[in-house]
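When we follow our numbering, the leftmost residue of the sequence shown carries the number 421, and every step to the right adds one. Don't be surprised by glycine CBs; every beta carbon is placed ideally from N, CA and C. Here the structure comes first, spelled out in structure tokens, and everything after it is commentary.
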Amino acid sequence: MPAPDPGKAFHPTTLNTPEPTRILALHGELDFDQRLHLRQALATEFEARPPLLVLDLSDLKFCQSAWLNELLRAHHNPYAVPIVLAAPGPQLPPLLDLTEAGLTMTDSICAALEHHGPSPT
Numbered sequence: 421m422p423a424p425d426p427g428k429a430f431h432p433t434t435l436n437t438p439e440p441t442r443i444l445a446l447h448g449e450l451d452f453d454q455r456l457h458l459r460q461a462l463a464t465e466f467e468a469r470p471p472l473l474v475l476d477l478s479d480l481k482f483c484q485s486a487w488l489n490e491l492l493r494a495h496h497n498p499y500a501v502p503i504v505l506a507a508p509g510p511q512l513p514p515l516l517d518l519t520e521a522g523l524t525m526t527d528s529i530c531a532a533l534e535h536h537g538p539s540p541t
């Protein structure tokens, strides 16, 4: 059996910013087996109670329907932290439009930060 390609393995990374906004970058392929890993990463971000959580999807190579369920769960997080999806691939916007969940999508992290507005000081 061939060894798994480490470049395809799902892994989240928290990006450090000077803003109180949190940015969680998702990398690799997100399948059913990885959904709990995603859920835990999101929970960690929500526990910090940021004014905004940006999910950077620019390096997400593949995602199964389990991703959508976790995304909808995150959208209704217990801390009411708003989520903006930055740089989603072409398959995601039409799928999210069908859910009518009202998730915000932007072309980049910068656009996500601008869309939400400046952080209160």
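- Secondary structure of residue 430 (DSSP, three-state): coil.
- One thing to note: residue 475 has its Cβ no nearer than 9 Å to the Cβ of residue 450.
- Proximity to residue 485 across 519, 528, 432 peaks at 519, based on C-alpha coordinates.
- Listed in chain order, the beta strand (DSSP E) runs fully inside the stretch 481–509 are 503–506, counting runs of at least 3 residues.
- With a 10 Å radius around the Cβ and a threshold of 16 neighbouring Cβ atoms, residue 483 comes out buried.
- Here residue 455 carries a helix assignment [DSSP, helix/strand/coil].
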